[in-house]
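Colleague:
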Amino acid sequence: MKYTGVIFGLFYIGHCVKTNSIYISKKDGLSISFFILSIVGFISYFVNDLYDTNYVFLDVFILTTISLVFYSLNEHELNVKYIFYIFVIISLLWFFQQINIYGLSSFDFNFFSNILFSSNSSLKYSVISYSFGLFFIYFLYLNDKVNLIISMSGLLLTSKRASLIALFCILVIFFIFKMQYFRIIKVLLTHTFVYSVVSVWIIFSLLIASDGFDDFIFSNFGVSADLLTMGRHTLYKSGLSMISDGIPVVNFYFASTYSVLTQLLDSTIYSNSEKILLHNEMLRLYIETGVVGLMFFLYFYFLFLNDEYIDLRRKVFLYSISMYMLILSFLDNILLYSVCWLVFSLVYSKKSFYPR
0 MKYTGVIFGL FYIGHCVKTN SIYISKKDGL SISFFILSIV GFISYFVNDL YDTNYVFLDV
60 FILTTISLVF YSLNEHELNV KYIFYIFVII SLLWFFQQIN IYGLSSFDFN FFSNILFSSN
120 SSLKYSVISY SFGLFFIYFL YLNDKVNLII SMSGLLLTSK RASLIALFCI LVIFFIFKMQ
180 YFRIIKVLLT HTFVYSVVSV WIIFSLLIAS DGFDDFIFSN FGVSADLLTM GRHTLYKSGL
240 SMISDGIPVV NFYFASTYSV LTQLLDSTIY SNSEKILLHN EMLRLYIETG VVGLMFFLYF
300 YFLFLNDEYI DLRRKVFLYS ISMYMLILSF LDNILLYSVC WLVFSLVYSK KSFYPR
């Protein structure tokens, strides 16, 4: 999923050269991108032994579905509420299945800790939490109080910290818009603002990975940087060891972060599920594709802000769900959660969405 922006960027450049224009429709571009990804995902099954067969075909199915959803944006209206109810039912079935397997000892706002011992359960837990967040934003702007409460209940039950942090930022944007601070909104809706946020986060990630940060934290707080950052200090440092010689403008380490972390990280400290990924997709794109690849990926988000025919409220909504996914990419492996991108495409597909 992380190369969606790169692929679309290539199609966009090719289209501009061919037609001598600077525009390609979101419908055609995104549909082509996700369809190409589904083909690449299918091919990966035959060339990489690390992939689980079930997940490969599930991802191919989801990517193909997303492609079809975007392709039909100008022709059909999807009933997001019905899809949401199906999602809630599936989430409840999974939840009760986990209780049946692992038991239920106690409840806290970090979900049922004994349910999350397996990485498989943790993955589904993240997908469910982030998807509930997307539905929450949708019903927030739609002012659908009943489904908003259901979405909030799902978020509180999962209580994924990354999701709650991202939603807090989106709620700030929502209330700024509700209070009619349109000057601030116009600043937030600019490409410059998004690029600035990403740049600051990349610099912050580089700071976390430094030895100086570890020394500072230990000297002043008596704990390691890994403890404070939930292991991200070592994860980031190990990933950045791939590009230790200078700042990458264009890199060709595609999908190599996994192998580097597997070789460098001590299995007695990190479980297999933890050492596969950096838990920071912006930093991972920076490491594996360089600045150019990262810029192509960010263009993927800007597509949702360039439609001059939608009103400001609709534009702020599209910006909110796009920023929600972008913030999650700072904190987790959101680009690998294809189910979340399916929910994203379904919510976005509501083209007649004019909440009041």
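Here numbering that gives the first Met the number 0 is used: the first residue of the sequence shown is 0, the next is one more, and so on.
All C-beta atoms, glycine included, are put in the ideal place defined by N, C-alpha and C.
Give the range of the alpha helix (DSSP H) segment to which A161 is assigned.
Modeller: Element bounds for A161: R160 to K177.
Colleague: Based on Cα-Cα distance, which residue from S209, V126, L147 and S218 lies nearest to R160?
Modeller: Taking only the C-alpha atoms, the option nearest R160 is V126.
Colleague: How would you write the range of the alpha helix (DSSP H) that F181 sits in, first residue to last?
Modeller: Looking at the DSSP string, the run of the alpha helix (DSSP H) that includes F181 is F181 to L187.
Colleague: With DSSP as the reference, label D225 as helix, strand or coil.
Modeller: In this structure, D225 counts as helix in the three-state DSSP scheme.
Colleague: For S337 and F60, I'd like the C-alpha separation in whole angstroms.
Modeller: One C-alpha to the other measures close to 10 Å.
Colleague: Can you grab the Cα-Cα spacing for the pair L325 / N279, in whole Å?
Modeller: One C-alpha to the other measures close to 10 Å.
Colleague: Between which residues of its own chain and L276 is the CB-CB distance below 6 Å, once the five residues before and five after are set aside?
Modeller: Excluding residues within five positions, the ones whose Cβ falls inside 6 Å are N332.
Colleague: Of all the options G292, F95 and I31, which has the alpha carbon lying nearest to the alpha carbon of S66?
Modeller: Of the candidates G292, F95 and I31, the one whose C-alpha sits nearest the C-alpha of S66 is I31.
Colleague: Give the range of the alpha helix (DSSP H) segment to which F379 is assigned.
Modeller: What is shown of the chain runs 0 to 355, which leaves residue 379 out entirely.
Colleague: With DSSP run on the structure shown, which of helix, strand or coil describes L330?
Modeller: Helix at L330.
Colleague: Thinking C-beta only, is K80 closer than 9 Å to N142?
Modeller: No, Cβ-Cβ distance for N142 and K80 is not below 9 Å.
Colleague: Going by the beta-carbon positions, is the gap between V315 and F134 smaller than 9 Å?
Modeller: No.
Colleague: Kindly indicate which three-state DSSP category N142 falls into: helix, strand or coil?
Modeller: Coil.
Colleague: Please go through the same chain and pick out, in chain order, the residues whose beta-carbon is closer than 7 Å to the beta-carbon of F138, but skip the five residues on each side of it.
Modeller: Here the set comprises N146, L147 and S150.
Colleague: In angstroms with no decimal places, state the Cα-to-Cα distance between F217 and A224.
Modeller: F217 and A224: Cα-Cα distance of roughly 7 Å.
Colleague: Helix, strand or coil for G230, going by three-state DSSP, please let me know.
Modeller: Correct three-state label for G230: coil.
Colleague: Could you tell me the distance, in whole angstroms, from the CA atom of K236 to the CA atom of Y84?
Modeller: Approximately 42 Å, taken between the alpha carbons.
Colleague: Report, in whole angstroms, the separation of the C-beta atoms of V248 and V290, which I expect to be a contact under 8 Å.
Modeller: Yes, they are in contact, since the Cβ atoms of V248 and V290 sit about 5 Å apart, within 8 Å.
Colleague: Going by C-alpha to C-alpha distance, which of T261, L297, Y140 and I242 sits closest to L357?
Modeller: Absent from the structure is residue 357, since the part of the chain shown begins at 0 and ends at 355.
Colleague: State the Cα-Cα distance for the pair F212 and L156, rounded to the nearest angstrom.
Modeller: Answer to the nearest angstrom: the Cα atoms are 34 Å apart.
Colleague: Thinking just about the alpha-carbon of each residue, which of L297, L335, I98 and G221 is nearest to the one in M322?
Modeller: Per the Cα distances, L297.
Colleague: Note down the Cα distance separating F295 from V199, rounded to an integer number of angstroms.
Modeller: If you take the alpha carbons of F295 and V199, they lie about 18 Å apart.
Colleague: Going by C-alpha distance, which of L334, R312 and L330 is nearest F174?
Modeller: The shortest Cα separation from F174 among L334, R312 and L330 belongs to R312.
Colleague: Should Y180 be labelled buried (16 or more other beta-carbon atoms within 10 Å of its own) or exposed?
Modeller: Exposed: under 16 other Cβ atoms inside 10 Å.
Colleague: On a Cα-Cα basis, can you pick out the residue from G221, I242 and L260 that is closest to T233?
Modeller: Minimum Cα distance to T233 is reached at L260.
Colleague: Taking the straight line between their C-alpha atoms, what separation do you get for I184 and I172?
Modeller: Cα to Cα, the separation comes out at about 8 Å.
Colleague: Should F329 be labelled buried (16 or more other beta-carbon atoms within 10 Å of its own) or exposed?
Modeller: Label assigned to F329: buried.
Colleague: Does G221 pass the burial test, meaning 16 or more other C-beta atoms within 10 Å, or should it be called exposed?
Modeller: Classification of G221: exposed, given that the 10 Å Cβ count is below 16.
Colleague: Does V342 come out as helix, strand or coil in the three-state DSSP assignment?
Modeller: Helix, per DSSP.
Colleague: Quick one: is V186 buried, meaning 16 or more other Cβ sit within 10 Å of its Cβ, or exposed?
Modeller: Its Cβ having fewer than 16 others within 10 Å, V186 is exposed.
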